[in-house]
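> Respectively, the protein sequence lines represent chains A and B. Convert by adding 1 to the 1-based position in the first sequence; the result is the number in this note's numbering. Convert by adding 19 to the 1-based position in the second sequence; the result is the number in this note's numbering. Just so you know, even glycine gets a beta-carbon here, dropped at the ideal spot from N, CA and C. A quick note: this is a predicted structure, and the numbers were derived from the prediction, not measured.
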Amino acid sequence: MRVKIAVLDFPGSNCDLDTIHVLNNVINIKADLVWHNYFKESKYDGVILPGGFAFGDYLRAGIIAAHSPAIDEARVMLEDGRPVIGICNGFQILTEAQFLPGALLQNDTLTFICKWVMVKVENNETAFSNKMNIGDILNIPIAHAEGRYYIENLKELEQNNQIVFRYSNENGEYTKDSNPNGSLANIAGVCNLERNCIGFMPHPERASESILSPKGTSHGKNFFYSMVDFIQKRL
Amino acid sequence: MIYSEFIIEVVLENKPAARDPVGETIRRDLLAKKGYDMVSNVRSGQYLRFYLSAENEKKAEEIIEELLNKLRIFNPVTQNFKILKLQKES
Chain A
2 MRVKIAVLDF PGSNCDLDTI HVLNNVINIK ADLVWHNYFK ESKYDGVILP GGFAFGDYLR
62 AGIIAAHSPA IDEARVMLED GRPVIGICNG FQILTEAQFL PGALLQNDTL TFICKWVMVK
122 VENNETAFSN KMNIGDILNI PIAHAEGRYY IENLKELEQN NQIVFRYSNE NGEYTKDSNP
182 NGSLANIAGV CNLERNCIGF MPHPERASES ILSPKGTSHG KNFFYSMVDF IQKRL
Chain B
20 MIYSEFIIEV VLENKPAARD PVGETIRRDL LAKKGYDMVS NVRSGQYLRF YLSAENEKKA
80 EEIIEELLNK LRIFNPVTQN FKILKLQKES
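This is how it looks when you write it as structure tokens:
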């Protein structure tokens, strides 16, 4: 069966076309760019909320989008186990919509940060990491001003194995220097208890072709292959 | 029912446990460097002013509290809110 994924388009999304390009031309699966007002969950096996901005990110990044009808549609997918993925601004929207625990605060540098970092895989049983190995270290860029992950009850998050990715150095150590934005416990991505909803601050769609990577890597592909694999196993 | 106009001011602030790098930077890189070392802490926040009509002051405050919670105008994961001032519009 053919996998069909929706990439939502909010006013201000700007990683939408990159994500569509990678899905269609690198991963070779069908993906539609869908304006948030027209999104109907029944037509898709999974949904990605891409990076960029949404509704000016007024009040807080993601809060206005979190109240949009597209999120009600996505909630149906969330509840029946289809993958719901948020990248960067999409992650902010998913925390504000309470699909995912925690929140994303302003970087501790107080600046927008755009650079390549490394993340280490902590949980490979999710819809966005199941084609990876625990301990894999991935090259991937970040580009955000509000990416400092915060949660009050970190212990519970750890006990439930909901931390999927953490910023690390090349030896896989979680150091202060390898944490670009001051995230609690170097957290770069988390999942829900059911493992079908993942939020991730870095941009796999910008790291899926070796020509775009300073180190010639294409680790971003593994995220999308994971999503496709997760869908195919469900069908 | 006669409705009156009210103004309600709300301040949103990060919870004490959530670091506030804006406040920290103001204190460390501006105040302390310019001799105001008696200031031990600065916390930044967001300020909102709501204009609304309601039956009375109590009702007006209830409406604002409800919408702050229901629409997550403040994020309970990271923020507290404080109603600063409530006044009838003249």
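Note down, in chain order, all residues in the region 66-96 of chain B with a beta-carbon under 8 Å from any beta-carbon belonging to chain A.
Leu90, Arg91, Ile92, Asn94, Val96
> Can you tell me whether DSSP reads alanine 37 of chain B as helix, strand or coil?
Residue mapping note: residue 37 of chain B aligns to position 18 of the second sequence, counting from 1. Looking at alanine 37 of chain B - three-state DSSP - the assignment turns out to be coil, as it is neither helix nor strand.
> Below 6 Å CB to CB, which residues in the same chain sit around serine 184 of chain A once its five sequence neighbours on both sides are set aside?
Working through the first sequence from its first residue, we reach residue 184 of chain A at position 183. Taken in chain order, the residues that qualify are Arg149, Tyr150.
> Is phenylalanine 113 of chain A buried or exposed, if buried means 16 or more other CB atoms sit within 10 Å of its CB?
The residue labelled residue 113 of chain A in the question sits at position 112 within the first sequence. So phenylalanine 113 of chain A ends up on the exposed side.
> Sorted by chain position, which residues of the same chain lie with C-beta nearer than 6 Å to leucine 103 of chain B's C-beta, five sequence neighbours on each side aside?
Counting from one through the second sequence, the residue named residue 103 of chain B turns up at place 84. Same-chain partners within the cutoff: Glu28, Val30.
> What is the residue span of the alpha helix (DSSP H) that lysine 78 of chain B lies within?
Residue 78 of chain B sits at position 59 when you count from the first residue of the second sequence. It spans 76-89 - the alpha helix (DSSP H) in which lysine 78 of chain B sits, taken as one unbroken run.
> When you compare each of A:Gly57, A:Val118, A:Val8, A:His68 to tyrosine 45 of chain A by their alpha carbons, which one comes out closest?
By one-based count along the first sequence, residue 45 of chain A stands at place 44. Out of A:Gly57, A:Val118, A:Val8, A:His68, A:Val8 has the C-alpha closest to the C-alpha of tyrosine 45 of chain A.
> I'd like to know whether the C-beta atoms of alanine 71 of chain A and histidine 37 of chain A end up nearer to each other than 8 Å.
As a first step, residue 71 of chain A is located in the first sequence; it is residue number 70 there, counting from the start. As a first step, residue 37 of chain A is located in the first sequence; it is residue number 36 there, counting from the start. Contact: yes.
> Give the C-beta separation of isoleucine 88 of chain A and valine 48 of chain A to the nearest angstrom, bearing in mind that I take them to be a contact with Cβ-Cβ under 8 Å.
Along the first sequence, one-based indexing puts residue 88 of chain A at 87. Along the first sequence, one-based indexing puts residue 48 of chain A at 47. Going by Cβ atoms, the distance from isoleucine 88 of chain A to valine 48 of chain A rounds to 11 Å, so no, they are not a contact pair.
> If we ignore side chains and look at the alpha-carbon of each, how far apart do valine 118 of chain A and serine 214 of chain A end up?
Sequence index remark: in the first sequence, residue 118 of chain A carries index 117 (1-based). Sequence index remark: in the first sequence, residue 214 of chain A carries index 213 (1-based). When only Cα atoms are considered, valine 118 of chain A and serine 214 of chain A end up about 11 Å apart.
> Would a check of beta-carbon distances place glutamate 153 of chain A closer than 8 Å to chain B?
Translated into positions along the first sequence, residue 153 of chain A becomes position 152. With its beta carbon less than 8 Å from one in chain B, glutamate 153 of chain A belongs to the interface.
> Interface residues of chain A around valine 112 of chain B at Cβ under 8 Å?
As shown, chain B starts at 20 and ends at 109. That puts residue 112 of chain B outside it, with no answer to give.
> 8 Å is my cut-off, CB to CB: does arginine 38 of chain B come that close to chain A?
Walking along the second sequence from the start, residue 38 of chain B turns up at place 19. Yes, because at least one Cβ of chain A sits closer than 8 Å to the Cβ of arginine 38 of chain B.
> Can you tell which of A:Gly52, A:Ile199, A:Leu139 has its C-alpha closest to the C-alpha of histidine 19 of chain A?
As a first step, residue 19 of chain A must be located in the first sequence, where it is residue number 18. Before going further, note that residue 19 of chain A is aspartate rather than histidine in the sequence given. Of all alpha-carbon atoms in A:Gly52, A:Ile199, A:Leu139, the one lying nearest the alpha-carbon of aspartate 19 of chain A is that of A:Gly52.
> Just to confirm, is the Cβ distance from valine 165 of chain A to threonine 127 of chain A under 8 Å?
Looking up residue 165 of chain A in the first sequence gives position 164. Looking up residue 127 of chain A in the first sequence gives position 126. The criterion of a C-beta distance shorter than 8 Å is satisfied by valine 165 of chain A and threonine 127 of chain A.
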